[in-house]
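A short write-up of the structure that comes next.
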Amino acid sequence: MREYLRNVYRRHIVGRGEHRVWAAEWWKYDEAVIRLEALWRAWEHLRRDPATCMSVWWRDHADHHMAVLLDPQNGPYGPIDGQQDRNTPGAPLPYVAPPEGMFTDARVHGNGSRR
């Protein structure tokens, strides 16, 4: 999330009841954590195919899960409206780092991401 997705999936987030919502503290929402981990796992699997990886990942995974996560009526973030949850057009998605130790680095510690 910190290194890649929030920086490339740039959407304008303006607040409650608008077109999209996002939580800078995304890690407080179980559904968001699970969906973001699913995106990461799909990326790690698909990146081995340099010919179609990017297209398949965006089409079948990122666009699907991000549409659900950003949905103001049915997504996991619901009616959040904090200033930290907003951004300006073209800026990365809002981000607050999770508490230290909440997630392990699966690149170092094997296949799990949540302690």
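If you read the sequence shown in the numbering used here, its first letter stands for residue 433, the second for the next number, and so on. C-beta: ideal position from N, C-alpha, C; glycine also.
* Asked: On the three-state DSSP scale, how would you describe R443?
  -> To locate residue 443, count along the sequence shown from 1; it is residue 11. If DSSP states are grouped into helix, strand and coil, R443 belongs with coil.
* **W454 and P531 closer than 8 angstroms at C-beta** => Along the sequence shown, read from residue 1 onward, the residue named residue 454 stands at position 22. Along the sequence shown, read from residue 1 onward, the residue named residue 531 stands at position 99. Going by C-beta atoms, W454 is not nearer than 8 angstroms to P531.
* Asked: For I445, which residues from the same chain have a beta carbon less than 6 angstroms from its beta carbon, with the 5 sequence-adjacent residues on both sides left out?
  -> What you label residue 445 is simply residue 13 of the sequence shown in a count that begins at 1. So the qualifying residues of the chain are R452, W454, R518, N519.
* Asked: Nearest CA to the CA of R443: which residue from R479, M534, A529, D495?
  -> Position 11 of the sequence shown, counted from the first residue, corresponds to residue 443. Measuring from the Cα of R443, the nearest candidate turns out to be D495.
* Reference G514; option with closest CA among E469, V528, N439 -> Walking along the sequence shown from the start, residue 514 turns up at place 82. Selected option, being the one with the closest Cα: V528.
* To do: Return the Cβ separation of L471 and H497 in integer angstroms, given the expectation that the two are a contact with Cβ distance under 8 angstroms.
  => Here residue 471 is taken as the residue at index 39 of the sequence shown, counted from 1. Here residue 497 is taken as the residue at index 65 of the sequence shown, counted from 1. Yes, they are in contact, since the Cβ atoms of L471 and H497 sit about 6 angstroms apart, within 8 angstroms.
* **Inter-residue spacing [alpha-carbon to alpha-carbon] between Y509 and W458** => In the sequence shown, the residue the question calls residue 509 occupies position 77. In the sequence shown, the residue the question calls residue 458 occupies position 26. Distance between the alpha carbons of Y509 and W458: 8 angstroms.
* **8 angstroms Cβ cutoff met for Q505 and A456** => Looking up residue 505 in the sequence shown gives position 73. Looking up residue 456 in the sequence shown gives position 24. No, Cβ-Cβ distance for Q505 and A456 is not below 8 angstroms.
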